[in-house]
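Peer 1:
In this note's numbering, the protein residues as written are 26 to 250.
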């Protein structure tokens, strides 16, 4: 009787271990995917912010900023000129003729750069203009901007590109898998199911780096578009 009881207990333990291993193998790739998507979403939001800032910067200076700190200074301290037109243009008259005739007047107004940036892109707000220069979870590492030019006999177009390597996207992955604020139960469960997940190269190979802009054409789209 005792042998049979011990055997049954052993079977139960083995069954539980097999169930645990099966559950672990199912949950791990999904948790890795969730962590990657969360980080990619945060990086995407910051790249969209950088794109909006670069667009306003180019409109003001006829070029793109070559480093992220220049954009930070532009956001915090820069101003842009806004040309305002008052008056009406008759239907049979061009704007230039109406201006010469004194029917319309133009004035230049200066506003903070951050106001123009937020106004220019519905995906950007004042909160997103804070700390946009840093790659999330990368211990203070900043985005790097590459500048270039597309030239021909008739034109010269400034271009830029920002690359975010996969290693930067997944840096310190354990901070996302098990955040500090997690309760003890969550930490225990994560240790059971997700220990060593950040080092699983077979998962990492399924994902791609991110980028914004191009040095080969004038587009400013991102890798998610």
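Don't be surprised by glycine CBs; every beta carbon is placed ideally from N, CA and C.
Given the structure is predicted, the values throughout are model-derived calculations rather than measurements.
1) Cα-Cα, which of 178, 244, 218 and 242 is closest to residue 55?
2) Going by other Cβ atoms of all chains shown within 10 Å of its Cβ, with 16 needed for buried, is residue 187 buried or exposed?
3) With a threshold of 8 Å, are at least 3 pairs of Cβ atoms found where one atom belongs to the region 68-82 and the other to the region 141-160?
4) Rounded to the nearest angstrom, what separates residue 209 and residue 220 at their Cα positions?
5) May I have the straight-line CA-CA distance separating residue 133 from residue 226, to the nearest angstrom?
6) If contact is defined by three or more beta carbon pairs under 8 Å, each pair taking one atom from either stretch, is the region 121-133 in contact with the region 83-94?
7) What do you get for residue 121, buried or exposed, if any count of 16 or more other CB atoms within 10 angstroms of its CB means buried?
8) Less than 7 Å separating the beta-carbons of residue 17 and residue 198?
9) Check this for me: beta carbons of residue 138 and residue 103, under 7 Å apart or not?
10) List the whole-angstrom C-beta distance separating residue 190 from residue 68, where the pair is believed to meet the contact cut-off of C-beta under 8 Å.
11) Starting from the Cα of residue 53, find the closest Cα among 202, 234 and 230 and give me that residue.
12) Excluding the 5 residues flanking residue 106 on each side, which residues of the same chain have their C-beta closer than 8 Å to its C-beta?
13) Using a Cβ-Cβ cut-off of 8 Å (strictly less than) and excluding sequence neighbours within five positions of residue 112, which residues of its own chain qualify?
14) Quick check on residue 169: buried or exposed, where buried means 16 or more other Cβ atoms within 10 Å of its Cβ?
15) Relative to the C-alpha of residue 58, which candidate in 98, 153, 212 and 228 has its C-alpha closest?
16) Among the candidates 89, 87, 194 and 100, whose CA atom is the shortest distance from the CA of residue 233?
17) Helix, strand or coil for residue 242, going by three-state DSSP, please let me know.
18) Reducing DSSP to helix, strand and coil, say where residue 52 ends up.
19) What's the call for residue 240, buried or exposed, on a 16-neighbour Cβ count within 10 Å?
20) Taking only three categories from DSSP, how would you classify residue 191?
21) When you compare each of 222, 243, 101 and 248 to residue 51 by their alpha carbons, which one comes out closest?
22) Out of 30, 98 and 183, which one is the CA nearest neighbour of residue 89?
Peer 2: Quick answer:
1) 218
2) buried
3) yes
4) 15 Å
5) 57 Å
6) no
7) exposed
8) There is simply no residue 17 to check, as the chain begins at 26 and stops at 250 in what is shown.
9) yes
10) With 8 Å as the limit, residue 190 and residue 68 do not qualify as a contact, their Cβ atoms being about 11 Å apart.
11) 202
12) 85, 133, 134 and 135
13) 123, 128, 129 and 130
14) exposed
15) 228
16) 194
17) coil
18) helix
19) exposed
20) helix
21) 222
22) 183
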